[in-house]
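Residue numbers (the numbering used here), protein chains in the order written: chain H, 1 to 85; chain F, 86 to 556.
Below you can see the structure in the form of structure tokens.
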């Protein structure tokens, strides 16, 4: 697979998991859901897992992937930083 | 404890809802709204009852479900952010593996949001987990049912209706605590109607029959079968008077509405005496004053014998002027009853009309107590003619309603003809029908002020009061 194709498939996987944050799927399941070959998906899913974007649970055919929500600071209290008038 | 389904009509069908912790199969053909019903069960559980829920989908993408459910105004993503809902996209084999695993994904998800309800869409796919369908599929579903029960979850298992072999009962029906079936049927050759039927539900009474539902802008709306438009001004009057026949009272939502006019339509073979006897006895016990129009076949002696059976001393009541009779025939009556028997056999129709207007009206108005009236309309048809009945019946019923008097009218609709029967049925607030078919007698409520109608019940003779039972 050339680099451009690899990137496109990576984007496809990312979009799928980001739009479906509670999708728990095996490579075999993703092959059906995305309509892509398992052999093409495997390195991409492993790569995304290595980057901490996906989480892989289990081993073998029943290993499944899920999206790891990025940790963000949802709330920040600015007022506590201000000096009193 | 019952769990509301989120569909008011379905809760009524289930006598309040699904028993908590039940695993219920929801089956239907594509397009019947199974996913919508399943999600409505979860959404309303969260919004109305603060019960978090999980939706497992094997074939759909969760984002497609978020999108589809927006059309009902349900913001599922918002509920997910609030940790009240999870829409899980997963393969059936992974779900199964994670359900049986100690501290597996299933357990974690339930714990994470303190889940109370789940929907699995659809259990049909469990069958494909094994090449040996049948026994293996049964075993998988049995395991899944036991796991959801263990967590105390109230569950809907969506099942595709494959229409393959209707003669066999699917094994899912044996394993599940309940079965709800959705169908699409042809209606009037042009339309298709959607119907819902609960064919099984352990631990609750169900309203049998196929109930029509619609998929509206706000989800599924179900309209109960055996229900017609309510006579609101009467049904809102909560005062119910008992008939003395427990099942009949239950069919009428507690009894006859006070001040309403009921028709008892009977065919020539049917024995209605115990129905009338039970109602009379109950009204006497409740302290009502009674006005009774005697028929050609019912003499005072015969009525006295009937009342004796129910432990009612009609002689004493007549003497105390609590039981009055309108007599159209020249027949003897016991001594001391003079003031209680109105002999009208020689009155022409105009005189009879005047008698009702003046004598009866003042009698009822002067005694500020609850009144119950019974009369055999066939007698009026025979003695005063159909024209008189059609002219005066509406006036008489209007008067009865105005003074809050409950009336039971006996009539044979077949005998009086279609036109008169239709008029009488329309004028009455409620209609009970009893008839004999073969070796059995039946009874059915075909009209009532609160819109309820019943299925036909068998009438069984019993040894104790009220001597009849609806089965």
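From the three backbone atoms N, C-alpha and C, an ideal C-beta is built for every residue, glycine too.
Asked                                                                                                                                                                                              : Found
So within the stretch 309 to 392 of chain F, which uninterrupted alpha helix (DSSP H) runs reach at least 4 residues, ignoring any that extend past its ends?                                      : 317 to 320, 331 to 336 and 358 to 370
Using C-beta distances below 7 angstroms, list every residue in its chain close to residue 309 (chain F), excluding the 5 sequence neighbours before and after it, in chain order.                 : 94, 97, 98, 292 and 296
By how many angstroms is the C-alpha of residue 333 (chain F) removed from the C-alpha of residue 370 (chain F)?                                                                                   : 18 angstroms
Taking three-plus beta-carbon pairs below 8 angstroms as touching, is the stretch 380 to 400 of chain F in contact with the stretch 409 to 423 of chain F?                                         : yes
Distance, Cα to Cα, residue 40 (chain H) vs residue 190 (chain F)?                                                                                                                                 : 27 angstroms
Among F:243, F:202, F:329 and F:403, which has the Cα closest to the Cα of residue 421 (chain F)?                                                                                                  : F:403
Helix, strand or coil: which one does DSSP assign to residue 407 (chain F)?                                                                                                                        : coil
What's the call for residue 266 (chain F), buried or exposed, on a 16-neighbour Cβ count within 10 Å?                                                                                              : buried
For residue 93 (chain F), does the three-state DSSP call read helix, strand or coil?                                                                                                               : helix
Of all the alpha helix (DSSP H) runs that stay within the bounds of the stretch 109 to 160 of chain F, which reach a length of 4 or more residues?                                                 : 119 to 134 and 147 to 155
Give the C-beta separation of residue 122 (chain F) and residue 305 (chain F) to the nearest angstrom, bearing in mind that I take them to be a contact with Cβ-Cβ under 8 angstroms.              : 5 angstroms
What is the DSSP secondary structure of residue 183 (chain F), reduced to helix, strand or coil?                                                                                                   : helix
Kindly indicate which three-state DSSP category residue 473 (chain F) falls into: helix, strand or coil?                                                                                           : helix
For a minimum of 4 consecutive residues, which ranges assigned as the alpha helix (DSSP H) are wholly contained in the stretch 442 to 467 of chain F?                                              : 446 to 451
State the CB to CB distance for the pair residue 324 (chain F) and residue 354 (chain F), rounded to an integer number of angstroms; the pair is presumed to be in contact (CB under 8 angstroms). : About 35 angstroms separates the two Cβ atoms, so there is no contact after all.
Would you mind sorting residue 202 (chain F) into buried or exposed? The rule is 16 or more other CB atoms within 10 Å of its CB.                                                                  : buried
Using a Cβ-Cβ cutoff of less than 6 angstroms, which residues in the same chain neighbour residue 562 (chain F) once the five nearest sequence positions on both sides are dropped?                : The shown model of chain F, from 86 to 556, leaves out residue 562 (chain F), and the question about it has no answer.
Leaving out five residues on either side along the sequence, give the residues of the same chain with a beta carbon under 8 angstroms from the beta carbon of residue 10 (chain H).                : 44, 47 and 48
Note down, one range per segment and in chain order, each alpha helix (DSSP H) of at least 4 residues found wholly within the stretch 187 to 239 of chain F.                                       : 190 to 198 and 220 to 235
With DSSP as the reference, identify every bridge partner of residue 286 (chain F), one or two as the case may be.                                                                                 : F:263
Following the continuous beta strand (DSSP E) through residue 25 (chain H), name the residue where it begins and the one where it ends.                                                            : 23 to 26
Which residues does DSSP list as the beta-bridge partners of residue 414 (chain F)?                                                                                                                : Answer is none; residue 414 (chain F) lacks a bridge partner.
Below 7 angstroms on C-beta distance, what does residue 67 (chain H) contact in chain F?                                                                                                           : The contacting residues do not exist; residue 67 (chain H) stays about 11 angstroms from chain F at best.
Is any beta-carbon of chain H found at less than 8 angstroms from that of residue 538 (chain F)?                                                                                                   : no
Shortest alpha-carbon distance to residue 115 (chain F) belongs to which of F:175, F:206 and F:307?                                                                                                : F:206
Give me the residue from F:417, F:164 and F:556 with the minimum Cα distance to residue 540 (chain F).                                                                                             : F:556
To which residues of the same chain is residue 414 (chain F) closer than 7 angstroms at the C-beta, ignoring the five residues directly before and after it?                                       : 381 and 430
Which residues mark the beginning and the end of the beta strand (DSSP E) in which residue 526 (chain F) is found?                                                                                 : 525 to 532
Given that residue 210 (chain F) touches chain H, what residues does it touch there, using C-beta distances under 7 angstroms?                                                                     : Within 7 angstroms Cβ-Cβ: nothing; residue 210 (chain F) doesn't reach chain H, min ~12 angstroms.
Rounding to the nearest angstrom, what Cα-Cα distance links residue 245 (chain F) and residue 22 (chain H) in this structure?                                                                      : 24 angstroms
Which bits of chain H does residue 146 (chain F) rub up against, with CB to CB less than 9 angstroms?                                                                                              : 16, 19, 20, 23 and 33
If I measure Cβ to Cβ from residue 379 (chain F) and keep anything under 6 angstroms in the same chain, skipping five residues before and after, which residues do I get?                          : 410 and 412
Any Cβ of chain H within less than 8 angstroms of the Cβ of residue 178 (chain F)?                                                                                                                 : yes
Looking only at its chain, what residues have a beta carbon closer than 8 angstroms to the beta carbon of residue 438 (chain F), apart from the 5 residues adjacent to it on each side?            : 477
For residue 245 (chain F), write down the residues that DSSP places opposite it in a beta bridge.                                                                                                  : F:113
Roughly how many whole angstroms lie between the Cα atoms of residue 238 (chain F) and residue 192 (chain F)?                                                                                      : 12 angstroms
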